[in-house]
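First up is the structure itself, then whatever we jot down about it.
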Amino acid sequence: MYAAQHAGPAHVAAVAALVLLYILPALAAWICRKYTEQPKVGDTAPHAVMSAASRLSRVSQVVLFLAFGSTCAAQMSSGDVELSLLKITISVYNHAEVSPEALATAEHRAEQIFRRAGIAAVWAHCRVSEAEAPRDQMCGEPLSPAHLALRILPQSMSAHFNFSDTTFGAAMLSPEGTGYYSYVFQDRVEQLARDSHANRSEILGHVAAHEIGHLLLGSNAHSQMGIMCANWYGRQLRSAAMGTLLFTPQESQLIRAKLLSWTRQEEALRSSANSSLK
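With the first letter of the sequence shown counted as 1, position 138 gets the number 885 in our numbering; the numbers rise by one all the way through.
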């Protein structure tokens, strides 16, 4: 403090120039490496950048934030291909006859949850009886790790599963941990919404994301936090209402790695098939 008070204008200017030209860029580069490093497929760049920027803003001035932002942009450009959203298609069978408006709200919430994990969810609305008119063309496509099915069941159908009244859905997995079919028990979703004074469409969207998450993550996917938490209490419901009940970074990484691996295998098969036809 004493030195700063008694330093001449030229000295102060020189120190300021040194800080701006050398110290800030070096510090910004270090922060980029520490908080936005992307060594693994599946890291979600939006999360990484937002987290680093949030920590930075608490301890720096605007000039440091600007230096950090520009340096990070340069360092992250090489990973743009890996950071693109991976796509999944979800065929929805609305046996419970949830209204189109409520279903759209639920799908939007689930879509946001997946997007925060680096996944773009596309919904295909499929008919549940032969009497209905044909729906989306994707409904006729075979299921795969990137094309899953979600059935929303009324009480008359969910009762056949013989689960407890506090179970809101199910995912069918093989002993190897693979599967394509998930279910949501709409009557229990509505009961939870009434008991917790929550929006039932929001609850439906979160339960759907949870069950689809089981298909994407495989066996033993329950966690102690986030959307894959096995039991939802007041804290989880409050997080859901705020839009912060999400996949953890580790879960997001696993999902993206699985989808990316399958996508590359499919591309290799198509390339091989095309080559054999030439």
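We put the CB at the ideal spot given by N, CA and C, even for glycine. Computed from a predicted structure; not experimentally measured.
Discussion item. So, with DSSP's three-state summary, where would you put Tyr769?
Written reply: Reliability of the predicted coordinates at Tyr769 is poor, the pLDDT of 47 falling under 50, and the value obtained from them is presented with this limitation in mind. In the structure shown, Tyr769 sits in a helix (DSSP, three-state: H, G or I).
Fill in: Element boundaries [beta strand (DSSP E), containing Arg898]
894-900
Worksheet item: Cα separation between Glu854 and Ser1019?
Response: 36 Å
Fill in: Nearest residue (CA-CA) to Pro901, options Ser966, Gln933, Asp942
Gln933
Worksheet item: Quick one: what's got a C-beta closer than 8 Å to Trp1009's C-beta in the same chain, skipping five residues either side?
Response: Ser891, Pro892, Ala893
Worksheet item: Can you name the start and end residues of the alpha helix (DSSP H) that Val936 belongs to?
Response: 933-943
Worksheet entry | Environment of Met989 [buried if 16+ CB atoms lie within 10 Å] | exposed
Fill in: Whole beta strand (DSSP E) elements within the stretch 955-995, 3-residue minimum
none
Practice prompt. Would you kindly work out how many angstroms separate the C-alpha atoms of Pro881 and Arg874, rounded to a whole number?
Written response: 7 Å
Practice prompt. Please name the residue, chosen from Ser876, Arg862, Leu964, that lies closest to Lys1005 on a Cα-to-Cα basis.
Written response: Leu964
Worksheet item: How would you call Met972, buried or exposed, if buried means at least 16 neighbouring beta carbons within 10 angstroms?
Response: exposed
Worksheet item: When you compare only the Cα positions, how much space is there between Tyr928 and Gln997?
Response: 23 Å
Worksheet item: Can you check whether the CB of Ile974 is closer than 8 Å to the CB of His957?
Response: yes
Worksheet item: Going by C-alpha distance, which of Gly924, Ala918, Ala955, Gly887 is nearest Thr852?
Response: Ala955
Practice prompt. Report buried or exposed for Ser831, applying the criterion of at least 16 other Cβ atoms within 10 angstroms of its Cβ.
Written response: exposed
Practice prompt. Taking Gly952 and Ala857 to be in contact with their CB atoms under 8 Å, please state how far apart those CB atoms are, rounded to whole angstroms.
Written response: 4 Å
Worksheet item: I think Ile895 touches Ile835, with their Cβ atoms under 8 Å apart; what is that distance to the nearest whole Å?
Response: It should be noted that the sequence gives Leu, not Ile, for residue 895. Contact flag correct, Cβ pair sits at about 7 Å.
Discussion item. Any beta carbon of chain B sitting closer than 8 Å to that of Asn978?
Written reply: Structure shown: chain B not included; a single protein chain is present.
Fill in: Secondary structure of Ser929, DSSP reduced to three states
strand
Discussion item. Rounding to the nearest angstrom, what Cα-Cα distance links Met919 and Asn1021 in this structure?
Written reply: 34 Å
Worksheet item: According to DSSP, is Ser891 helix, strand or coil?
Response: strand
Discussion item. As a quick exercise: from Ser948, Arg982, Asn978, pick the residue whose alpha carbon is nearest that of Ser846.
Written reply: Ser948
Item to complete: Identify, in the order they occur along the chain, each residue of the same chain with its Cβ nearer than 6 Å to the Cβ of Ser986, setting aside the five sequence neighbours on each side.
Response: Leu992
Practice prompt. Measure the alpha-carbon distance for Glu937 versus Ala864 and round it to whole angstroms.
Written response: 27 Å
Fill in: Gly924, DSSP secondary structure in three states
coil
Practice prompt. Could you tell me which of Ser970, His969, Asn946, Ile959 sits nearest to Leu984, measuring between CA atoms?
Written response: Asn946
Worksheet entry | Check whether Ser838 and Ala871 have beta carbons under 8 Å apart | yes
Worksheet item: From Ser966 to Ser905, what does the alpha carbon distance come to, in whole angstroms?
Response: 22 Å
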